[in-house]
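Protein chains: 2
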Amino acid sequence: MSTLQFDGVDYQDGIASDPNTLGWMQGSPPAPDKRIRFADDRFFGFPQIRWTLSHMRELVPTASVWRGSSAASALGAPSGGDGAAIDTLEFVDLQGRRRQWAQALPDVYTDGIVVLHRGRLVYERYFGALQAHMLHNCFSITKSVAATLAATLVHEGVLDEDQTIAHYLPEMAASAYADATLRQVMDMQIGLQYSELYSDPQAAFWDYARAAGLRSQPHGYAGPTSIHAFLVGLQKEGAHGAAFAYKTVNTEVMCWLLQRVAGVQLSALLSQRIWSLMGCEEDACFTVDPVGTAMGGAGLCTSLRDMARFGELMRNEGARGSQQLVPSAVVADIRRGADPAKFAKAGYGLLGGYSYRNMWWVTHNEHAAFEGRGIHGQRLYVAPGAEMVVARFASHPIAASAANDPITMPALQALGRMLKGA
Amino acid sequence: MSTLQFDGVDYQDGIASDPNTLGWMQGSPPAPDKRIRFADDRFFGFPQIRWTLSHMRELVPTASVWRGSSAASALGAPSGGDGAAIDTLEFVDLQGRRRQWAQALPDVYTDGIVVLHRGRLVYERYFGALQAHMLHNCFSITKSVAATLAATLVHEGVLDEDQTIAHYLPEMAASAYADATLRQVMDMQIGLQYSELYSDPQAAFWDYARAAGLRSQPHGYAGPTSIHAFLVGLQKEGAHGAAFAYKTVNTEVMCWLLQRVAGVQLSALLSQRIWSLMGCEEDACFTVDPVGTAMGGAGLCTSLRDMARFGELMRNEGARGSQQLVPSAVVADIRRGADPAKFAKAGYGLLGGYSYRNMWWVTHNEHAAFEGRGIHGQRLYVAPGAEMVVARFASHPIAASAANDPITMPALQALGRMLKGA
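So the protein sequences, as listed, match chains A and B.
Everything in the first sequence is counted per the working numbering, starting at 4 for the first residue and increasing by one.
Everything in the second sequence is counted per the working numbering, starting at 4 for the first residue and increasing by one.
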């Protein structure tokens, strides 16, 4: 087959949409119909997105997250040979179809996937525009990274999770967040008049994206031109603390507060606390808004191996060898999760039994896995019960994870079972 | 003194204009009067430029120049101790004033300076916004780097320097470059209706900058929106081959051709041929235009040490140990220079006896030095006769090098004499 259907629309499949085959941005200059430009907003459309997510810095301004001056950590030679055993792993997807691991990779538009088992690299594949040293947008895995920093500062007593947002950010006193606590923000239990329905071009999410510099501002645009300017206008709807409601702007509020209190930019904080101490191979970066503020909700771009290293740090309860980068209590708190009853109110049909804590998705499954999830197929799956970490970057035509979960979820569980028995 | 005067205008001096002291882009968010934004063009104004040149990626899109996966080359512990002997070096500037090296650094608005002697780091200083791992725009040193690549491909027979531009780029057949040879372009002997007078806001240079995405396009802008679109409109004035005339667009034409023939982007070519093989510490980057084309004339941003490594490669006749990255004949050709009589016609009063070859400025001085020069004080000074390389990044209020040459030139010559005797 050369197309796949989602929501009744046909899309070129993962092989037919390979950006190298399609010739995006090849040539000097690229032919007009092969150009991907920030200004026309098609850069996040399909199939352009298959090139875009590996080339974010060429499209928008970014702030570097320095990897530090020490050498990259060894991930070990693949102990499972060439990964052939994983390639042929069979599983049944949520629609009941029997699949093989390697054949399923293009069906979720995989750009790259890395598997660590007991800290060793046992599987690594790249497709299309992505290479090992390149950065790929991890979208909302950004939230899990940022909230891990915030939870660390809460643990250290620098931040008080019971304080209101207005306490830290007086500018927010007239917004929805005036009486919300930091803890409610970190667990996304905020009553907010704001839609994150990606498939709706009128959703407030796209206004946020325009203010944040991740979408072009149309001719005559008179809306907010920074993340902060957008946030102060958000209004309340319903109660805080009642239910999980996934809204990217919550993360931006958390990051604003984090930077205000820490006195450094998010990019510097991440470098100082984690990225420069974790043995990374590459600098990471954040996309930034027009006044230089990092998009803490969706703007982190990393190499795939470094993202896996971050997962491995979390699997090891925040320690790299003898060095405790994230307090073990913070990781334990994430693993423990939050109230599944509050999560269930959000209506994620495929995610039965999940909860959401410190901006991680907690599966409560047989391997005690918790995960970062980003639109268009980004995933960081940390499975302590299988001593496994999987980092995957993708460029799926559909933003919502529900479009790839029917394959992704059973594939990851099957791999965990296989490696646990290894 | 807390101000310096240039062209009759007072500017805060190098210490008073320290961007950290002035608080540019500090705070979350920065106060409105401390913001530096691409959109309002003040980012290249003084004193904002003191922050800007160390933060280019936060303002504009960029293409990475990967440093490769091998370790950084050792530059050796400073063999001259803490550099105190250099700090107290005395010299007489071109206005006849006696100065000390260290005290003169802020008078040319130095952001960082590194000196290598016989390949060892003997002096390193950072000021203001710059740190060792950060990238700084090197402006027109970019040209020397790009033309070194082009000359390498000429040496290899991939490019023919006697061919016309129209031969390689049929799109340029109706432009000034139709009958210009690649050699004339590489030595900037092109008769062109185009002004590079930076101090004139109406100069064509600024139209080029707007097309290339290095300046914002004003409301209702209807001009070219890519480097290529700007280049094809350039018209002839006078003859080719008659005189040296420094025009950045010549480099862009050369880079267009280079990428067309090499079949890869400039960022990838520089990484493959030099940056990934030279033992660099950091990735570099190019600023890119709205269709992703690197600004080969002025857009390279590097760490200071890596720029010094490139100078050291050139001092060593293109070899790093046993590996010949740039043909020795290419370096010899640059050292030999071109016709000083053709150079003299350009009227650079301070640069008596200079010539210009392969986009390097050839001093023909006592140390056989050749140099890359970038506006606002960027300099890469390669002095084989003194076994010395100096890389300096700066953010001088005046673009033209003539504003800092009266200090820079005698300082570098005095240092060469000192190290030669060491």
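Note that beta-carbon positions come from the ideal geometry of N, C-alpha and C, so glycine has one too.
It should be emphasised that the depicted structure is a prediction, and the values quoted were computed from it without experimental measurement.
Mind checking residue i: buried by the 16 CB within 10 Å criterion, or exposed?
| i | result |
| --- | --- |
| ALA177(B) | exposed |
| THR290(A) | buried |
| PRO173(A) | exposed |
| LYS348(B) | exposed |
| ARG100(A) | exposed |
| GLY295(A) | buried |
| THR65(A) | buried |
| LEU261(B) | buried |
| THR24(A) | exposed |
| GLY424(A) | exposed |
| PRO400(A) | buried |
| ALA344(A) | exposed |
| GLY300(B) | buried |
| THR55(B) | buried |
| SER331(A) | exposed |
| THR305(A) | buried |
| PRO227(A) | buried |
Any beta carbon of chain B sitting closer than 9 Å to that of residue i?
| i | result |
| --- | --- |
| ALA287(A) | no |
| THR65(A) | yes |
| MET362(A) | no |
| HIS231(A) | yes |
| LEU396(A) | Sequence inspection shows Phe at residue 396(A); the Leu mentioned does not correspond to that position. For PHE396(A), the answer is no, since every Cβ of chain B falls outside 9 Å of its Cβ. |
| GLY295(A) | yes |
| TRP69(A) | yes |
| PRO413(A) | no |
Which residues does DSSP pair with residue i in a beta bridge?
| i | result |
| --- | --- |
| CYS288(A) | SER67(A), CYS304(A) |
| LYS239(B) | LEU195(B) |
| GLY30(A) | PRO33(A) |
| HIS120(A) | ARG123(A), MET391(A) |
| PHE363(B) | It should be noted that the sequence gives Trp, not Phe, for residue 363(B). DSSP lists ARG360(B) as partners of TRP363(B). |
| LEU7(B) | TYR14(B) |
| ARG323(A) | GLN326(A) |
| HIS139(B) | THR305(B) |
| THR93(A) | According to the sequence provided, residue 93(A) is Glu. The question's Thr does not apply to it. Partner(s): GLN103(A). |
So, does the CB of residue i fall closer than 9 Å to a CB anywhere in chain A?
| i | result |
| --- | --- |
| ARG318(B) | no |
| GLY86(B) | no |
| GLN196(B) | no |
| GLU127(B) | no |
| THR55(B) | no |
| VAL291(B) | yes |
| SER31(B) | yes |
| ILE39(B) | yes |
| LEU328(B) | no |
Anyone know if the C-beta pair for residue i and residue j falls short of 9 Å?
| i | j | result |
| --- | --- | --- |
| MET281(B) | LEU353(B) | no |
| SER47(A) | ARG312(A) | Here residue 47(A) is Phe; the residue named in the question, Ser, does not match the sequence. Taking 9 Å as the Cβ cut-off, PHE47(A) and ARG312(A) do not qualify as a contacting pair. |
| ILE144(B) | GLY377(B) | yes |
| ALA406(B) | PHE49(B) | no |
| ARG318(B) | ALA386(B) | yes |
| GLY71(A) | VAL125(A) | no |
| LEU92(A) | ALA389(A) | no |
| ALA135(A) | LEU307(A) | yes |
| PRO409(B) | GLN98(B) | yes |
| PRO22(A) | ARG53(A) | yes |
| GLY236(B) | ASP292(B) | no |
| GLU285(A) | LEU119(A) | no |
| LEU426(A) | ILE230(A) | Chain A is shown only over 4 to 425; residue 426(A) falls outside these bounds and no answer can be derived. |
| GLY122(A) | GLY79(A) | yes |
| SER20(A) | ALA287(A) | no |
| LEU185(A) | LYS239(A) | no |
| TYR351(A) | HIS367(A) | no |
- request: Kindly confirm or deny that the region 130-143 of chain A and the region 390-403 of chain A touch, where touching means at least three C-beta pairs closer than 8 Å.
  value: Because the criterion of three Cβ pairs below 8 Å is met, the region 130-143 of chain A and the region 390-403 of chain A touch.
- prompt: Pairing CB atoms from the region 220-228 of chain B with CB atoms from the region 120-133 of chain B, are three or more of them under 8 Å?
  reply: Judged by Cβ distances under 8 Å, the region 220-228 of chain B makes no contact with the region 120-133 of chain B, as fewer than three pairs qualify.
field: Segment contact flag, the region 146-157 of chain B with the region 355-370 of chain B, C-beta cutoff 8 Å, min 3 pairs
entry: Contact between the region 146-157 of chain B and the region 355-370 of chain B is present, because at least three Cβ pairs lie under 8 Å.
message: Whether or not the region 190-202 of chain B and the region 249-264 of chain B are in contact is what I'm after, with contact meaning three or more pairs of Cβ atoms, one per stretch, closer than 8 Å; do they touch?
response: By the criterion of at least three beta-carbon pairs nearer than 8 Å, the region 249-264 of chain B is in contact with the region 190-202 of chain B.
message: Using a Cβ distance threshold of 8 Å, determine whether the region 53-63 of chain B contacts the region 265-275 of chain B, with at least three qualifying pairs required.
response: In short, these stretches do not touch, since the Cβ pair count stays below three.
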